[in-house]
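Trainee:
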Amino acid sequence: MGTGPGAITNDGCAVDFYALLPAFGEPEIVHAAVPAAASILELGCGTGRILRPLAALGHPVLGVDDSADMLARVPDLPVMASAIETLRLDRTFDVVLLASTMINSDPATRRAFLATVRHHLDGDGVAVFQQSPPEWFKASAEAGLVTRHACASKSSTRPPTTSGPMPGRHIRSPARNSPATWPRPASGSATG
Ligand SMILES: C[S@@+](CC[C@H](N)C(=O)[O-])C[C@H]1O[C@@H](n2cnc3c(N)ncnc32)[C@H](O)[C@@H]1O
390 MGTGPGAITN DGCAVDFYAL LPAFGEPEIV HAAVPAAASI LELGCGTGRI
440 LRPLAALGHP VLGVDDSADM LARVPDLPVM ASAIETLRLD RTFDVVLLAS
490 TMINSDPATR RAFLATVRHH LDGDGVAVFQ QSPPEWFKAS AEAGLVTRHA
540 CASKSSTRPP TTSGPMPGRH IRSPARNSPA TWPRPASGSA TG
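Position one of the sequence shown corresponds to residue 390 (the working numbering), numbered consecutively onward.
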């Protein structure tokens, strides 16, 4: 589980840590991969680290998270409290975003997340996933960067927090059909 002062979410994220964490280029990558002004649903939006810049880039957004403590840090954006697995809104979106390491969850949880993504996508909508590939875990361990886990769900294989520059992480965009590497590494912190 995550450690540190302040609230810790069900999946082990330290809310204060996420409130301090900047975006590392993710909003710009998503923005470039989807149509202008596309509506975006982010599942597991946390403090709005990625969602807030996307709203500033002209996207109507909705954030969903099951942590009231996280959502309390997003008073400026439309958000709702819900478990991702059971979320079934009566509307769809141009884009559904599953960021951070949510896709690295265990297979059953991942399937439930993906069912929710599918349910909320327009027919020609775009699902955007951030992932930490297996090589990232391996390279981090070999580089001696692993110090502790930032978020450690009992059922997930979330990546480690690191104390130095991390190997590149990737976001895969169906719209562009090619991976884009984060423009700069996360130095001294992790988005896990
Ligand atoms: C690793 S944080 C990432 C937050 C944000 N996407 C970011 O990149 O800054 C994961 C977030 O997803 C939320 N979360 C994890 N599992 C969830 C679930 N099953 N249902 C709803 N929210 C969940 C946590 O409360 C946390 O805010």
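From the three backbone atoms N, C-alpha and C, an ideal C-beta is built for every residue, glycine too.
Note that the coordinates shown come from a computational prediction; the quantities given were computed from them, not determined experimentally.
Compute the Euclidean distance between the alpha carbons of Ala426 and Ser529, then round it to the nearest angstrom.
Mentor: Distance between the alpha carbons of Ala426 and Ser529: 36 Å.
Trainee: Taking 7 Å as the cut-off, does the CB of Ala488 come closer than this to any heavy atom belonging to ligand 1?
Mentor: Yes; taking the cut-off as 7 Å, the Cβ of Ala488 has a heavy atom of ligand 1 nearer than that.
Trainee: Distance check for Asp479 and Arg547, CA to CA, integer angstroms please.
Mentor: For Arg547, the predicted structure reports a pLDDT of 43, less than 50, and the residue's modelled location is therefore unreliable. A value from the coordinates is still provided. Going from the Cα of Arg547 to the Cα of Asp479 covers about 31 Å.
Trainee: Between Gly433 and Met491, how many whole angstroms is the CB-CB distance? I'm expecting something under 8 Å.
Mentor: Indeed, because the Cβ distance is near 5 Å, the residues count as touching under 8 Å.
Trainee: What residues are listed by DSSP as bridge partners for Met469?
Mentor: Looking at the DSSP assignment, Met469 forms a beta bridge with Val453.
Trainee: Since Ala368 and Gln519 should fall inside the 8 Å C-beta cutoff, what is the C-beta to C-beta distance between them, to a whole number of angstroms?
Mentor: Here the chain has residues from 390 to 581 only, and residue 368 is not among them.
Trainee: How would you label His508, buried or exposed, when you count the other beta carbons within 10 angstroms and need 16 or more for buried?
Mentor: Flag for His508 reads exposed.
Trainee: Check whether the segment 434 to 448 and the segment 493 to 501 are in contact - that is, three or more C-beta pairs closer than 8 Å.
Mentor: With a cut-off of 8 Å, the segment 493 to 501 and the segment 434 to 448 do not count as touching, because too few Cβ pairs lie within range.
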